[in-house]
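Heads up, the thing below is written out as structure tokens.
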Amino acid sequence: AQTVTQSQPEMSVQEAETVTLSCTYDTSENNYYLFWYKQPPSRQMILVIRQEAYKQQNATENRFSVNFQKAAKSFSLKISDSQLGDTAMYFCAFIKYNFNKFYFGSGTKLNVKP
Amino acid sequence: DGGITQSPKYLFRKEGQNVTLSCEQNLNHDAMYWYRQDPGQGLRLIYYSQIVNDFQKGDIAEGYSVSREKKESFPLTVTSAQKNPTAFYLCASSTPGQGNQETQYFGPGTRLLVL
Chain B
1 AQTVTQSQPE MSVQEAETVT LSCTYDTSEN NYYLFWYKQP PSRQMILVIR
51 QEAYKQQNAT ENRFSVNFQK AAKSFSLKIS DSQLGDTAMY FCAFIKYNFN
101 KFYFGSGTKL NVKP
Chain R
115 DGGITQSPKY LFRKEGQNVT LSCEQNLNHD AMYWYRQDPG QGLRLIYYSQ
165 IVNDFQKGDI AEGYSVSREK KESFPLTVTS AQKNPTAFYL CASSTPGQGN
215 QETQYFGPGT RLLVL
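In the order they appear, the protein sequences are chains B and R.
All letters in the first sequence, in the order written, are residues 1 to 114 by the numbering used here.
All letters in the second sequence, in the order written, are residues 115 to 229 by the numbering used here.
Structure follows, in structure tokens:
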């Protein structure tokens with residue numbers, strides 16, 4: 001069975017600073033995808049960034065980047081130049097290649113302080 | 115615009131009553147999903163459907179039922195057998211096995227409350 005672990009229930013960061021959210025996962029699969037989703041107070045789930053396991057290069061989307069360590073089964077999210085609008089719950093998710101079921105972590109609540 | 119719609123935004127259920135949550139997508143996605151989210155917690159899979167007229171139980175299917183008569187629609191019924199239905203319900207869709215379509219896209223959610 002696949003599991004996704006987010007060990008930081010809550011984090012805080014000052015506006016304009018950088019913060020890193022941790023995620024580890026457990027799988028015996030070699031081909032899979034990893035995601036970070038953001039859930040702001042509106043509760044809409046928004047895709048932040050996506051990583052294919054076969055790609056060694058870390059994905060980047062503007063201020064968001066990941067540190068993907070396949071051997072260590074680690075997938076952390078770095079948010080640079082944090083903004084007040086980044087305040088949200090962040091969920092790490094895993095899906096096997098050519099499969100339907102997502103596995104979500106329990107989430108990290110990020111508070112960006114002015 | 116393409117997307118996923120859920121209705122209603124808020125739903126109130128009386129004891130012993132069945133209620134149905136609507137989920138519609140115009141993304142031409144094959145697969146659709148229902149998740150439950152309790153306060154401060156992650157998402158738990160209730161049911162999912164890969165194609166029309168087919169669906170599978172997720173991790174917490176007891177007390178829920180679904181149908182998939184059309185590709186665009188995947189309604190969820192919360193039955194009276196679900197003893198603790200108060201939660202936030204999210205619908206999602208994707209097209210698995212097609213490169214970047216592995217991504218699940220979510221609707222805005224329905225908040226269900228028991229009177």
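By construction, the Cβ of each residue, glycine as well, lies at the ideal position given by its N, Cα and C atoms.
- Item | Chain-ordered residues of the stretch 147–170 of chain R with a beta carbon less than 7 Å from chain B | From the stretch 147–170 of chain R, only Gln155, Gly156, Leu157, Leu159, Tyr162, Gln164 have a Cβ closer than 7 Å to chain B.
- Query: Would you call the CB atoms of R:Leu226 and R:Ala201 closer than 8 Å?
  - Reply: Counting from 1 along the second sequence, the entry for residue 226 of chain R is found at position 112. Counting from 1 along the second sequence, the entry for residue 201 of chain R is found at position 87. For R:Leu226 and R:Ala201, yes; Cβs fall inside 8 Å.
- Taking R:Thr134 as the reference, which of R:Asp144, R:Gly156, R:Tyr178, R:Ile160 has the closest Cα? Translated into positions along the second sequence, residue 134 of chain R becomes position 20. Comparing Cα positions, the closest option is R:Tyr178.
- Task: Leaving out five residues on either side along the sequence, give the residues of the same chain with a beta carbon under 6 Å from the beta carbon of R:Val166.
- Result: Here residue 166 of chain R refers to the residue found at position 52 of the second sequence. Hits under 6 Å: Arg182, Lys185.
- Query: Nearest-angstrom Cα distance between B:Glu10 and B:Asn67?
  - Reply: As a working mapping, residue 10 of chain B is identified with position 10 in the first sequence. As a working mapping, residue 67 of chain B is identified with position 67 in the first sequence. Cα to Cα, the separation comes out at about 20 Å.
- Message: What does the alpha-carbon distance come out to for the pair B:Gln6 and B:Phe75?
- Response: Locating residue 6 of chain B in the first sequence gives position 6, counting from the first residue. Locating residue 75 of chain B in the first sequence gives position 75, counting from the first residue. Cα-Cα distance, rounded: 10 Å.
- Task: Would you mind working out which of R:Leu190, R:Gly172, R:Gln164, R:Gly154 sits nearest R:Asn142, comparing C-alpha positions?
- Result: The sequence position of residue 142 of chain R within the second sequence is 28, counting from 1. Taking only the C-alpha atoms, the option nearest R:Asn142 is R:Gln164.
- Item | Any 3 or more C-beta pairs closer than 8 Å across the stretch 117–129 of chain R and the stretch 24–35 of chain B | no
- Message: Which of the three DSSP states is assigned to B:Glu52 in this structure?
- Response: Within the first sequence, residue 52 of chain B is the residue found at index 52, counting from 1. Reduced to three states, the DSSP call for B:Glu52 is strand.
- Roughly how many angstroms lie between the CA atoms of B:Gln44 and R:Tyr203, to the nearest whole one? Stepping through the first sequence from its first residue, residue 44 of chain B is reached at position 44. Stepping through the second sequence from its first residue, residue 203 of chain R is reached at position 89. Going by the C-alpha atoms only, they are around 11 Å apart.
- Beta carbon proximity, B:Asn100 to chain R, threshold 8 Å: Numbered from its first residue, the first sequence carries residue 100 of chain B at position 100. Yes - at least one Cβ of chain R is within 8 Å of the one on B:Asn100.
- Task: Taking only beta carbons into account, state which residues of the stretch 190–207 of chain R come closer than 8 Å to chain B, listed in chain order.
- Result: The stretch 190–207 of chain R vs chain B, Cβ under 8 Å: Phe202, Leu204, Ala206.
- Could you pull out every residue in the same chain whose Cβ sits closer than 8 Å to the Cβ of R:Ala195, ignoring the five residues on either side in sequence? Along the second sequence, one-based indexing puts residue 195 of chain R at 81. The beta carbon of R:Ala195 lies closer than 8 Å to those of Glu176, Gly177 in the same chain, with the five residues before and after it left out.
- Message: Just verifying my parser: in three-state terms, what is the DSSP assignment at R:Glu138?
- Response: Here the question's residue 138 of chain R lines up with position 24 in the second sequence. Looking at R:Glu138 - three-state DSSP - the assignment turns out to be strand.
- Query: For R:Gln218, which residues in chain B fall below 9 Å Cβ to Cβ?
  - Reply: Position 104 of the second sequence, counted from the start, is the residue given in the question as residue 218 of chain R. Here the neighbours are Phe35, Tyr37, Met45, Leu47, Ala93, Ile95, Phe102.
- Item | Residues near R:Met146 by beta carbon distance below 6 Å, same chain, minus five either side | Residue mapping note: residue 146 of chain R aligns to position 32 of the second sequence, counting from 1. Cβ neighbours of R:Met146 beyond the five flanking positions: Ser163, Phe188, Ser207.
- Task: Within its chain, find whatever has a CB closer than 6 Å to the CB of B:Thr3; leave out the 5 residues flanking it on each side and keep chain order.
- Result: Locating residue 3 of chain B in the first sequence gives position 3, where the first residue counts as 1. Taken in chain order, the residues that qualify are Asp26.
- Message: Quick check on the DSSP output: what are the complete beta strand (DSSP E) runs of length 3 or more inside the stretch 52–104 of chain B, in order along the chain?
- Response: Considered as a whole, the stretch 52–104 of chain B harbours 64–69, 74–79, 88–96, 102–104 as its complete beta strand (DSSP E) runs of no fewer than 3 residues, in chain order.
- Query: From this set, B:Gln51, B:Asn31, B:Gln14, which residue's C-alpha is nearest B:Cys92's C-alpha?
  - Reply: Taking the first residue of the first sequence as position 1, residue 92 of chain B is located at position 92. With distances taken between Cα atoms, B:Cys92 lies closest to B:Gln51.
- Task: Can you tell me the Cβ-Cβ gap for B:Lys113 and B:Ser42, rounded? I've got them flagged as a contact below 8 Å.
- Result: Locating residue 113 of chain B in the first sequence gives position 113, where the first residue counts as 1. Locating residue 42 of chain B in the first sequence gives position 42, where the first residue counts as 1. About 20 Å separates the two Cβ atoms, so there is no contact after all.
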